[in-house]
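Student:
There are 2 protein chains.
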Amino acid sequence: MKLLVVTSNPHKADEIRSYLGGRIEVEDVRLECPECRHDDVGEIARYKAEFAWERLGKPLIVDDTAFCIDSLSGFPGPYAAYVFDKIGNEGILRLTEGKGRGAHFQTAIAYADSNGIRVFRGILNGRIVEARGREGFGYDPIFELNGRTLAEIPLEEKSRISHRALALRELHDWLLVEADL
Amino acid sequence: MKLLVVTSNPHKADEIRSYLGGRIEVEDVRLECPECRHDDVGEIARYKAEFAWERLGKPLIVDDTAFCIDSLSGFPGPYAAYVFDKIGNEGILRLTEGKGRGAHFQTAIAYADSNGIRVFRGILNGRIVEARGREGFGYDPIFELNGRTLAEIPLEEKSRISHRALALRELHDWLLVEADL
Numbered sequence: 001m002k003l004l005v006v007t008s009n010p011h012k013a014d015e016i017r018s019y020l021g022g023r024i025e026v027e028d029v030r031l032e033c034p035e036c037r038h039d040d041v042g043e044i045a046r047y048k049a050e051f052a053w054e055r056l057g058k059p060l061i062v063d064d065t066a067f068c069i070d071s072l073s074g075f076p077g078p079y080a081a082y083v084f085d086k087i088g089n090e091g092i093l094r095l096t097e098g099k100g101r102g103a104h105f106q107t108a109i110a111y112a113d114s115n116g117i118r119v120f121r122g123i124l125n126g127r128i129v130e131a132r133g134r135e136g137f138g139y140d141p142i143f144e145l146n147g148r149t150l151a152e153i154p155l156e157e158k159s160r161i162s163h164r165a166l167a168l169r170e171l172h173d174w175l176l177v178e179a180d181l
Numbered sequence: 001m002k003l004l005v006v007t008s009n010p011h012k013a014d015e016i017r018s019y020l021g022g023r024i025e026v027e028d029v030r031l032e033c034p035e036c037r038h039d040d041v042g043e044i045a046r047y048k049a050e051f052a053w054e055r056l057g058k059p060l061i062v063d064d065t066a067f068c069i070d071s072l073s074g075f076p077g078p079y080a081a082y083v084f085d086k087i088g089n090e091g092i093l094r095l096t097e098g099k100g101r102g103a104h105f106q107t108a109i110a111y112a113d114s115n116g117i118r119v120f121r122g123i124l125n126g127r128i129v130e131a132r133g134r135e136g137f138g139y140d141p142i143f144e145l146n147g148r149t150l151a152e153i154p155l156e157e158k159s160r161i162s163h164r165a166l167a168l169r170e171l172h173d174w175l176l177v178e179a180d181l
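In order, the protein sequence lines correspond to chains A and B.
Numbered by our numbering, the letters in the first sequence go through residues 1 to 181 in order.
Numbered by our numbering, the letters in the second sequence go through residues 1 to 181 in order.
In structure tokens:
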């Protein structure tokens, strides 16, 4: 039972291996996938998985993550990485000052095999706060849940509760029962 | 001499027709093109033109426009329309408060024929100001050049001096001399 992880980040395959390990062999593949512009990260992952399946023809997953702020109509959404690179957490704090601060992360993992595409999602709800903590990366210092920011939660704990972990758990449970690998 | 304009906006073809008119027949075609994520709007247009050429096989153009703020590392760049939809001019003013306000629009038009792809660009430099004026749309009220915002410039004048007009002029001059239509 072998699963290709389409990514340009080798750490991603390691992380997925540690979740799926045991009966599922994980191998990373580099493949540039064009992206559709879509507000829904699940549709973006699905599109990339279709592209990769046409070229590779073996069971594979592609993932994508969005960061969505309710009072900004879901901004920055699937452009989370681009927006962080340009305006950082300081920009997000400026934009949300005096506004509602509810936010969530969402990871979508699209799995492709000869039966088609299936999308698994994990969502982590929280709110925007002034930056605290030194762990993690990106928006972690300004995203709080249950009194701590993601940057105040040890990496080992974060990797059990994160949006990414939730999506991987869905995938894992389904793979073991249903997948035609 | 016939040129396809790949767009989902029928007004775009009308506008291009009014620039290129005369010897060049312009016809609009609807085709969903996947987009690559790239900071350079020229590369985005080039990628879409390649995709469209593979499917249509006739001389065509595709365009894309970016809005870039210097002090925000070029944000919102090619995501100008998405970002406007989410945070509007109020968001841009928050992000640039107390920062450098230099900005520019850039339109890239990618032309494809059997000889390959060629990209034409038009750039309009200005700066971010508090919103003024009632013409135009999008970022026009907060983009000032030579003492007026784009929303204070009559549409007929704007359509002669805009980034889009500059790119179309480049295309027009080259088409008449060089293109293998």
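From the three backbone atoms N, C-alpha and C, an ideal C-beta is built for every residue, glycine too.
Model, not experiment: these values are computed from the prediction.
#1: Give a yes or no on whether the C-beta atoms belonging to B:D70 and B:G102 are separated by under 8 Å.
#2: Taking C-alpha atoms, which residue in A:V119, A:F84, A:S159 lies nearest to A:K48?
#3: The beta strand (DSSP E) that contains A:R118, what's its start and end?
#4: Would you say B:I87 faces chain A, with C-beta separation under 8 Å as the test?
#5: Which word fits B:V177, buried or exposed, when buried means at least 16 other C-beta atoms lie within 10 angstroms of its C-beta?
#6: Can at least three beta-carbon pairs, one atom from the stretch 105-112 of chain A and one from the stretch 85-92 of chain A, be found at a separation below 8 Å?
#7: Counting C-beta neighbours from all protein chains within 10 Å, is the total for B:R164 16 or more, i.e. buried, or is it exposed?
#8: Quick check on A:L171: does DSSP put it in helix, strand or coil?
#9: CA-CA distance, B:E50 and A:A131?
#10: Residues of chain B with CB under 9 Å from A:F137, in chain order?
#11: Would B:F75 pass as an interface residue toward chain D - the criterion being a Cβ-Cβ separation below 8 Å?
#12: Within a Cβ cutoff of 6 Å, which residues of the same chain sit near B:N125, ignoring the five residues on either side of it in sequence?
#13: I'd like the list of long-range same chain contacts for B:T149, defined as Cβ closer than 8 Å, with 5 residues on each side in sequence excluded.
#14: Taking 8 Å as the threshold (beta carbon to beta carbon), is A:G91 in contact with chain B?
#15: Give me the chain A residues within the contact set of B:E35, using Cβ-Cβ distance strictly less than 9 Å, ordered along the chain.
#16: Beta-carbon of B:L60 versus every beta-carbon of chain A: anything under 8 Å?
#17: Beta carbon of A:G42, beta carbon of A:R121: below 8 Å?
#18: Could you name the residues of chain A that B:R94 contacts, counting a contact when the two beta carbons are closer than 9 Å?
#19: Are the C-beta atoms of A:L31 and some chain B residue less than 8 Å apart?
#20: I want to verify the contact list: residues of chain B whose CB lies under 9 Å from the CB of A:L72, in sequence order.
#21: Check B:R94 in the structure and name its three-state DSSP category.
#22: Should B:L145 and B:I61 be called a contact, given that it needs their Cβ atoms to be closer than 8 Å?
#23: Determine the DSSP secondary structure at B:K48, reduced to helix, strand or coil.
#24: Closer than 7 Å by C-beta to A:F84: which residues in its own chain qualify, once you throw out the five before and the five after it? Chain order, please.
#25: Around the Cβ of A:S162, are there at least 16 other Cβ atoms within 10 angstroms (buried) or fewer (exposed)?
#26: How big is the Cα-Cα spacing for B:P68 and A:L175?
#27: Whole angstroms are fine: how far does the CA of A:G147 sit from the CA of B:V29?
#28: According to DSSP, what are the bridge partners of B:T65?
#29: Along the chain, where does the beta strand (DSSP E) that runs through B:D28 open and close?
#30: Got a sec: which bits of the stretch 4-24 of chain A sit with their beta carbon under 9 Å from any beta carbon on chain B, in order along the chain?
#31: Among B:L72, B:S114, B:G77, B:H38, whose alpha-carbon lies nearest the alpha-carbon of B:G98?
#32: Which first and last residues belong to the beta strand (DSSP E) in which A:K2 is found?
#33: Rounding to the nearest angstrom, what Cα-Cα distance links B:L20 and B:W53 in this structure?
#34: By the 10 Å Cβ neighbour count, where 16 or more other Cβ atoms means buried, how is A:L155 classified, buried or exposed?
#35: Using CA atoms only, rank isn't needed, just tell me which of B:T7, B:E15, B:K58, B:A80 is closest to B:M193.
#36: Determine the direct distance from the alpha carbon of A:L56 to that of A:S114, and round the result to whole angstroms.
Tutor: Let me spell this out:
#1: In the second sequence, the residue the question calls residue 70 of chain B occupies position 70. In the second sequence, the residue the question calls residue 102 of chain B occupies position 102. For B:D70 and B:G102, yes; Cβs fall inside 8 Å.
#2: Against the first sequence, residue 48 of chain A aligns to sequence position 48. It is A:V119.
#3: Sequence index remark: in the first sequence, residue 118 of chain A carries index 118 (1-based). Start and end: 116-128.
#4: In the second sequence, the residue the question calls residue 87 of chain B occupies position 87. Chain A contact via Cβ: present.
#5: Translated into the one-based positions of the second sequence, residue 177 of chain B becomes position 177. Counting Cβ neighbours within 10 Å, B:V177 comes out exposed, since fewer than 16 surround it.
#6: no
#7: As a working note, residue 164 of chain B is residue 164 in the second sequence. Its Cβ being crowded by 16 or more others within 10 Å, B:R164 is buried.
#8: For this step, residue 171 of chain A is matched to residue 171 along the first sequence. Note: A:L171 maps to helix in three-state DSSP.
#9: Position 50 of the second sequence, counted from the start, is the residue given in the question as residue 50 of chain B. Position 131 of the first sequence, counted from the start, is the residue given in the question as residue 131 of chain A. Answer to the nearest angstrom: the Cα atoms are 43 Å apart.
#10: Indexing the first sequence from 1 puts residue 137 of chain A at position 137. Residues of chain B passing the Cβ test: none, with the nearest at roughly 18 Å.
#11: Of the protein chains in this structure, namely A and B, none is chain D.
#12: Numbered from its first residue, the second sequence carries residue 125 of chain B at position 125. The residues are H104.
#13: As a working mapping, residue 149 of chain B is identified with position 149 in the second sequence. These residues qualify, in order along the chain: V129, A131, R132, G133, D140, P141, I142, F143.
#14: Here residue 91 of chain A refers to the residue found at position 91 when the first sequence is read from its first residue. Answer yes: the Cβ-Cβ gap between A:G91 and chain B drops below 8 Å somewhere.
#15: One-based indexing of the second sequence puts residue 35 of chain B at position 35. What B:E35 touches in chain A: P34, E35, C36, R37.
#16: Residue 60 of chain B sits at position 60 when you count from the first residue of the second sequence. Answer no: the Cβ-Cβ gap between B:L60 and chain A never drops below 8 Å.
#17: On the first sequence, residue 42 of chain A is found 42 positions in, with the first residue counted as 1. On the first sequence, residue 121 of chain A is found 121 positions in, with the first residue counted as 1. Yes, Cβ-Cβ distance for A:G42 and A:R121 is below 8 Å.
#18: To locate residue 94 of chain B, count along the second sequence from 1; it is residue 94. Here the neighbours are G91, R94, L95, E97.
#19: Within the first sequence, numbered from 1, the residue matching residue 31 of chain A stands at position 31. No, no contact with chain B.
#20: Taking the first sequence and counting its residues from 1, the one referred to as residue 72 of chain A is at position 72. Within chain B, the residues near A:L72 are K86, I87, G91.
#21: As a position in the second sequence, residue 94 of chain B is number 94, starting the count at 1. Three-state result, B:R94: helix.
#22: In the second sequence, residue 145 of chain B corresponds to position 145, counting from 1. In the second sequence, residue 61 of chain B corresponds to position 61, counting from 1. No, the Cβ-Cβ distance between B:L145 and B:I61 is not below 8 Å.
#23: Here residue 48 of chain B corresponds to residue number 48 of the second sequence, with the count starting at 1. Note: B:K48 maps to helix in three-state DSSP.
#24: In the first sequence, the residue the question calls residue 84 of chain A occupies position 84. Counting only Cβ-Cβ distances below 7 Å, and skipping sequence neighbours, we find G138, Y139.
#25: The count along the first sequence starts at 1 and reaches residue 162 of chain A at position 162. Looking at its Cβ environment, which holds 16 or more other Cβ atoms inside 10 Å, A:S162 is buried.
#26: Reading the second sequence from its first residue, position 68 is the one you call residue 68 of chain B. Reading the first sequence from its first residue, position 175 is the one you call residue 175 of chain A. Sequence inspection shows Cys at residue 68 of chain B; the Pro mentioned does not correspond to that position. One C-alpha to the other measures close to 44 Å.
#27: If you number the second sequence from 1, residue 29 of chain B lands on position 29. If you number the first sequence from 1, residue 147 of chain A lands on position 147. Going by the C-alpha atoms only, they are around 53 Å apart.
#28: Residue numbering aside, residue 65 of chain B sits at position 65 when the second sequence is read from its first letter. According to DSSP, B:T65 bridges with B:T107.
#29: Stepping through the second sequence from its first residue, residue 28 of chain B is reached at position 28. Residues 25-29.
#30: none
#31: Mapped onto the second sequence, residue 98 of chain B falls at position 98. Per the Cα distances, B:L72.
#32: Along the first sequence, read from residue 1 onward, the residue named residue 2 of chain A stands at position 2. Segment 2-6, the beta strand (DSSP E) holding A:K2.
#33: Mapped onto the second sequence, residue 20 of chain B falls at position 20. Mapped onto the second sequence, residue 53 of chain B falls at position 53. Whole-angstrom Cα-Cα distance: 20 Å.
#34: Start at 1 with the first residue of the first sequence, and residue 155 of chain A comes out as number 155. So A:L155 ends up on the exposed side.
#35: Residue 193 of chain B falls outside the range modelled here, since chain B spans only 1 to 181, and no answer is possible.
#36: Here the question's residue 114 of chain A lines up with position 114 in the first sequence. Here the question's residue 56 of chain A lines up with position 56 in the first sequence. In a straight line, the C-alpha of A:S114 is about 11 Å away from that of A:L56.
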